[in-house]
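Student:
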Amino acid sequence: PLAHCTFANVLFHQGEVEWAFQLFAEGQGAFPQSIDIPFKLASLAQQFGQPELAKTALLQSSAYGQSVPLQLQYCRLLIRCGDFGQAIASLDKIDTDQYNWRKQIEQLRGELAIQQYDFKTAAVHYQKAIAFHPPTSYERSQLARILLLEGYIEDAHHLLELATEDLENKRS
Numbered sequence: 023p024l025a026h027c028t029f030a031n032v033l034f035h036q037g038e039v040e041w042a043f044q045l046f047a048e049g050q051g052a053f054p055q056s057i058d059i060p061f062k063l064a065s066l067a068q069q070f071g072q073p074e075l076a077k078t079a080l081l082q083s084s085a086y087g088q089s090v091p092l093q094l095q096y097c098r099l100l101i102r103c104g105d106f107g108q109a110i111a112s113l114d115k116i117d118t119d120q121y122n123w124r125k126q127i128e129q130l131r132g133e134l135a136i137q138q139y140d141f142k143t144a145a146v147h148y149q150k151a152i153a154f155h156p157p158t159s160y161e162r163s164q165l166a167r168i169l170l171l172e173g174y175i176e177d178a179h180h181l182l183e184l185a186t187e188d189l190e191n192k193r194s
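Counted the way my numbering counts, the sequence shown spans residues 23 to 194.
1. Would Ala-151 and Gln-129 be called neighbours here (beta carbons separated by less than 8 Å)?
2. Pull up the distance between the alpha-carbon of Leu-100 and that of Gly-107, whole angstroms please.
3. Under a three-way DSSP split, which group does Cys-27 fall into?
4. In angstroms, rounded to a whole number, what distance separates the CA positions of Thr-28 and Glu-183?
5. Flag this pair as yes or no: are the beta carbons of Leu-92 and Phe-70 separated by less than 8 Å?
6. Go to Tyr-96, then tell me how far its alpha helix (DSSP H) extends in each direction, as first and last residue.
7. Is it buried or exposed for Ala-109, if we count other Cβ within 10 angstroms and need 16 for buried?
8. Helix, strand or coil for Glu-38, going by three-state DSSP, please let me know.
9. Using three-state DSSP, classify Asp-105 as helix, strand or coil.
10. Could you tell me the distance, in whole angstroms, from the CA atom of Tyr-121 to the CA atom of Glu-74?
11. From Leu-189 to Gln-44, what does the alpha carbon distance come to, in whole angstroms?
12. Which residues in the same chain have their Cβ closer than 7 Å to the Cβ of Gln-95, if we skip the five residues on either side of it in sequence?
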């Protein structure tokens with residue numbers, strides 16, 4: 023699958039979109055359980071402003087139902103396209119017990135709530151994401167952003183300090 027993805031990527035960047043898509047389709051046919059091919063195709067389609075192609079690539083993949091990364095990418099795409107209702111429904115369908123995926127689901131729910139100006143709900147989702155170990159600077163900074171919007175300056179400042187410490191610890 024890697025060779026198909028690499029060559030198709032080159033074709034996409036050269037403007038040979040139809041040929042690249044055909045190569046991705048051949049690769050998907052040869053490797054139906056691959057998550058790399060639909061993931062790469064969807065990423066490139068988004069990059070070239072073709073969200074419908076990206077959605078199709080993800081949904082038509084036979085690996086979609088079993089692949090949390092593909093499902094999360096589909097939800098991110100729906101959020102970027104402003105299809106919040108479908109994004110929420112898709113997030114609700116993801117079934118996983120793995121902390122990393124559950125954390126990302128909560129992050130996306132927080133992002134969705136922010137897009138809809140529902141800061142209280144966003145804060146709840148980012149707090150849930152922080153509850154998964156280890157918390158990252160991303161969740162803390164997003165929650166701080168919400169607290170700032172809600173007028174909780176000191177709490178936001180504290181979270182931003184923690185987020186900064188997280189980043190400094192990663193660098194050392």
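Don't be surprised by glycine CBs; every beta carbon is placed ideally from N, CA and C.
Tutor: On the basis of the coordinates in this document:
1. As a position in the sequence shown, residue 151 is number 129, starting the count at 1. As a position in the sequence shown, residue 129 is number 107, starting the count at 1. Yes, they are a contact pair.
2. Here residue 100 corresponds to residue number 78 of the sequence shown, with the count starting at 1. Here residue 107 corresponds to residue number 85 of the sequence shown, with the count starting at 1. Taking C-alpha positions only, Leu-100 is separated from Gly-107 by approximately 9 Å.
3. Sequence index remark: in the sequence shown, residue 27 carries index 5 (1-based). Reduced to three states, the DSSP call for Cys-27 is helix.
4. Here residue 28 is taken as the residue at index 6 of the sequence shown, counted from 1. Here residue 183 is taken as the residue at index 161 of the sequence shown, counted from 1. So the two alpha carbons sit approximately 41 Å from each other.
5. Translated into the one-based positions of the sequence shown, residue 92 becomes position 70. Translated into the one-based positions of the sequence shown, residue 70 becomes position 48. Result no, Cβ atoms of Leu-92 and Phe-70 do not sit closer than 8 Å.
6. Position 74 of the sequence shown, counting from 1, holds the residue named residue 96. It spans 90–102 - the alpha helix (DSSP H) in which Tyr-96 sits, taken as one unbroken run.
7. Position 87 of the sequence shown holds residue 109. Buried is the call here.
8. Position 16 of the sequence shown, counted from the start, is the residue given in the question as residue 38. DSSP places Glu-38 in coil when its eight states are reduced to three.
9. For this step, residue 105 is matched to residue 83 along the sequence shown. Asp-105: coil per DSSP, three-state reduction.
10. Sequence index remark: in the sequence shown, residue 121 carries index 99 (1-based). Sequence index remark: in the sequence shown, residue 74 carries index 52 (1-based). Roughly 30 Å between the two C-alpha positions.
11. Here residue 189 refers to the residue found at position 167 when the sequence shown is read from its first residue. Here residue 44 refers to the residue found at position 22 when the sequence shown is read from its first residue. If I take the Cα positions, the gap works out to 42 Å.
12. Counting from one through the sequence shown, the residue named residue 95 turns up at place 73. Same-chain partners within the cutoff: Phe-61, Ala-64, Leu-80.
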